[in-house]
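Enquirer: Here you go, one structure.
Protein chains: 2
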Amino acid sequence: MPEATVARLPLYLRALTTLAERGVATVSSEELAASAGVNSAKLRKDLSYLGSYGTRGVGYEVDFLRHQITREIGLTQDWAVVIVGIGNLGHALANYGGFASRGFRIAALVDADPTRLGEEVAGLNVRHADELEQIVDDLGIAIGVVATPARAAQLVCDRLVAAGVTSILNFAPAIVQVPEGVDLRKVDLSTELQILAYHEQRKNGAALALTAEQAAELAEAVNG
Amino acid sequence: MPEATVARLPLYLRALTTLAERGVATVSSEELAASAGVNSAKLRKDLSYLGSYGTRGVGYEVDFLRHQITREIGLTQDWAVVIVGIGNLGHALANYGGFASRGFRIAALVDADPTRLGEEVAGLNVRHADELEQIVDDLGIAIGVVATPARAAQLVCDRLVAAGVTSILNFAPAIVQVPEGVDLRKVDLSTELQILAYHEQRKNGAALALTAEQAAELAEAVNG
DNA sequence: GCAACTTTGTGCACACGTTCACAAGCGTCT
DNA sequence: AGACGCTTGTGAACGTGTGCACAAAGTTGC
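Going line by line, the protein sequences match chains L and E.
In case it helps, my numbering puts the first sequence at residues -15 to 208.
In case it helps, my numbering puts the second sequence at residues -15 to 208.
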């Protein structure tokens, strides 16, 4: 299954859940694509990797398709997650309701700061980073979420990997290297803003300002 | 400039900043690529879209290249940002230091909950959502960050767009439609976890379990 | 000044992803 | 039962992105 398709399955799942809540029983690729914000041909091709779960002339049965995608992603089992770094972001993640409702159970919270130890966040006690290996082992944790400052991210990832975690979601604004076989995904708030800024600059007649600056640089290059 | 290249520029910028802090003056594409975690040929091709800023036989001057990327992304000006939705995540975003240091100034915080009004977060008073249009106009806000519950996301985006915001970063787990000309980027925590779960499932001999389940389904399909 | 060495910038081939367009298949209505 | 209309599933064309491999261009040492 293409990686691009995998990345869209959660999107379809969400759209289907919304439809199910509205009591819709059947949906065409055109309708589903519209509510997921993608092209209908792409949607059909994506779904075809799961199997032939549609009915020609009718569409897809919402509940059935939802179950198939859930199974394909692996959300029929529940996944134990550890969050490392209980700062502002770590707090927000721990309290985020969207995880539990999608098969992800936050099983442990870990921080290196001794003053945070024992603090209760989202019904869990914050434990010390030294216990990380033990925690991963005891609770059967397969997914680690890193919400530490940038400078700690590589070390934390190394320890997670050493403890046997093979999937990491990194929120720290740092470039982290992991060995083969470990999946690392990155969510970077300021990168996203920078991409927006690039396009924003292009919109606001910034072309003019750029041309002027480029002209100055050209002159400098020729003269200097 | 290819979209994929734009998405990597912030990555290079971060790697260059790290190098500059370490006092490195010059860097080769091979070294820079390694610290950014990409292929060196890709790095060179990406940088070639900015111009010919390298020196053959030597490499790239760190400070100069950093300036060029900063200018290209549009980080020489500062961007006023409004955060809508001051829950757990909104708090975390407002307090996140990584924005200010990269040219993004959080200019206003907005929430619809009257009990949050006037609360001071990160040195700013939380203002009511009704004032959104006024705030955007007065403060010259070009970028909106949406950290509301899913059900409010579409409405908030509509109002941001109506007020003149043309770039939106959406953290709400909802599918939002925006008109042509408006850039919408999405950061979705549970989507990322779901992608990890998919790959994780593949690793742990889940192929066996899947085959068993598929066999059961096949039997059901044939018999039922 | 020249040869040897290093590193950039890029043409080219390949892989991946997207979109079109249509045959195949299902339900419905007469 | 057969014709008709609708929607899926997919082959094929196209576009975008990646990576190799090398010529071009600079630096260093003699």
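Think of the CB as a built atom: it goes at the ideal place given N, C-alpha and C, for glycine as much as any other residue.
From a predicted model like this one, the values you see are computed outputs, not experimental measurements.
1. Under three-state DSSP, which class holds Thr2(E)?
2. State whether the stretch 40 to 54 of chain L contacts the stretch -7 to 7 of chain L, with contact taken as three or more CB pairs (one from each stretch) at a distance under 8 Å.
3. Does the beta carbon of Tyr37(E) come closer than 8 Å to any beta carbon on chain L?
4. Could you check which residue in Arg(-8)(E), Asp167(E), Gly69(E) and Asp121(E) has the C-alpha nearest to that of Glu103(E)?
5. Report yes or no: do three or more beta-carbon pairs, one from the stretch 30 to 42 of chain L and one from the stretch -12 to -4 of chain L, lie closer than 8 Å?
6. Is Ala64(E) helix, strand or coil when you go by DSSP?
7. Going straight from the alpha carbon of Thr233(L) to that of Phe155(L), what length do you get?
8. For my contact list, Thr10(L) and Gly58(L) are in at a C-beta cut-off of 8 Å; report their separation, rounded to the angstrom.
9. Which bits of chain E does Asn79(L) rub up against, with CB to CB less than 7 Å?
10. On the CB-based measure, 16 or more other CB atoms within 10 Å of its CB, does Gln178(E) come out buried or exposed?
11. Over what stretch of residues does the alpha helix (DSSP H) that includes Val145(L) continue unbroken?
12. Residues in the same chain with beta-carbon distance under 7 Å from Asn109(E), minus the five sequence neighbours each way, listed in chain order, please.
13. Quick one, which residues of the stretch 150 to 165 of chain L are near chain E if we go by CB-CB under 7 Å, in chain order?
14. Is there contact here, the stretch 114 to 125 of chain L with the stretch 81 to 97 of chain L, by at least three beta-carbon pairs under 8 Å?
15. I'd like to know whether the C-beta of Gly21(L) is nearer than 8 Å to at least one C-beta of chain E.
16. Any chance you could list the beta strand (DSSP E) runs of at least 3 consecutive residues sitting entirely within the stretch 99 to 124 of chain E, in chain order?
17. According to DSSP, simplified to helix, strand and coil, what is Leu194(L)?
18. What span of residues does the beta strand (DSSP E) with Glu45(L) cover, start to end?
19. How big is the Cα-Cα spacing for Ile159(L) and Leu77(L)?
20. Do Gly124(E) and Ala64(E) have their beta-carbon atoms positioned less than 8 Å apart in this structure?
21. So, at 7 Å on beta carbons, what are the nonlocal neighbours of His75(L) in its own chain, with the 5 sequence-adjacent residues on each side left out?
22. Which residue comes first and which comes last in the beta strand (DSSP E) that contains Asp95(L)?
23. By the DSSP assignment, the alpha helix (DSSP H) with Leu177(E) in it spans what residues?
24. Taking 8 Å as the CB-CB limit, is Ala181(L) close to chain E?
25. Between the C-alpha atoms of Val145(E) and Val162(E), what's the straight-line distance to the nearest angstrom?
26. Helix, strand or coil, according to DSSP, for Ile57(L) in the structure here?
27. Which bits of chain L does Asp167(E) rub up against, with CB to CB less than 9 Å?
28. Check whether chain E comes within 8 Å of Leu(-5)(L), counting only Cβ atoms and requiring the distance to be less than that.
29. Could you name the residues of chain E that Arg86(L) contacts, counting a contact when the two beta carbons are closer than 8 Å?
30. Please report the straight-line C-alpha distance between Leu139(E) and Ala96(E), rounded to a whole angstrom.
31. Count the other C-beta atoms from every protein chain shown that fall within 10 angstroms of the C-beta of Asn188(L), then say buried if there are 16 or more, exposed otherwise.
32. With a cut-off of 8 Å, does the C-beta of Ile125(E) fall near any C-beta of chain L?
33. Whose C-alpha, out of Glu56(E), Pro157(E), Cys141(E) and Gly7(E), is nearest the C-alpha of Gly81(L)?
34. By a C-beta neighbour count over all protein chains shown, 10 Å radius and 16 as the cutoff for buried, is Gly7(E) buried or exposed?
35. Give the interface partners of His51(L) over in chain E, defined as CB-CB distance under 9 Å, in chain order.
36. Would you mind telling me which residues of chain L sit closer than 7 Å to Gly82(E), beta carbon to beta carbon, in chain order?
Expert: Put simply:
1. helix
2. yes
3. no
4. Gly69(E)
5. yes
6. strand
7. An answer regarding residue 233(L) cannot be provided, because it is not within the stretch -15 to 208 covered by chain L.
8. Between Gly58(L) and Thr10(L) the Cβ distance is about 26 Å, and since that is not below 8 Å, they are no contact.
9. Asn72
10. buried
11. Ala134 to Ala146
12. Gly102
13. Thr150, Ser151, Leu153, Pro157, Ile159 and Gln161
14. yes
15. yes
16. 108 to 112
17. With a pLDDT of only 43 at Leu194(L), under the threshold of 50, the placement of this residue in the model should not be trusted, and no figure is reported.
18. Gly43 to Glu45
19. 21 Å
20. yes
21. Val105
22. Phe88 to Asp95
23. Leu173 to Lys187
24. yes
25. 8 Å
26. helix
27. Ile179, Leu180, His183, Glu184 and Lys187
28. yes
29. Ser174, Leu177 and Gln178
30. 12 Å
31. exposed
32. no
33. Pro157(E)
34. exposed
35. The premise fails here: His51(L) is roughly 10 Å from chain E at the closest Cβ pair, so nothing lies under 9 Å.
36. Pro157, Leu173 and Ser174
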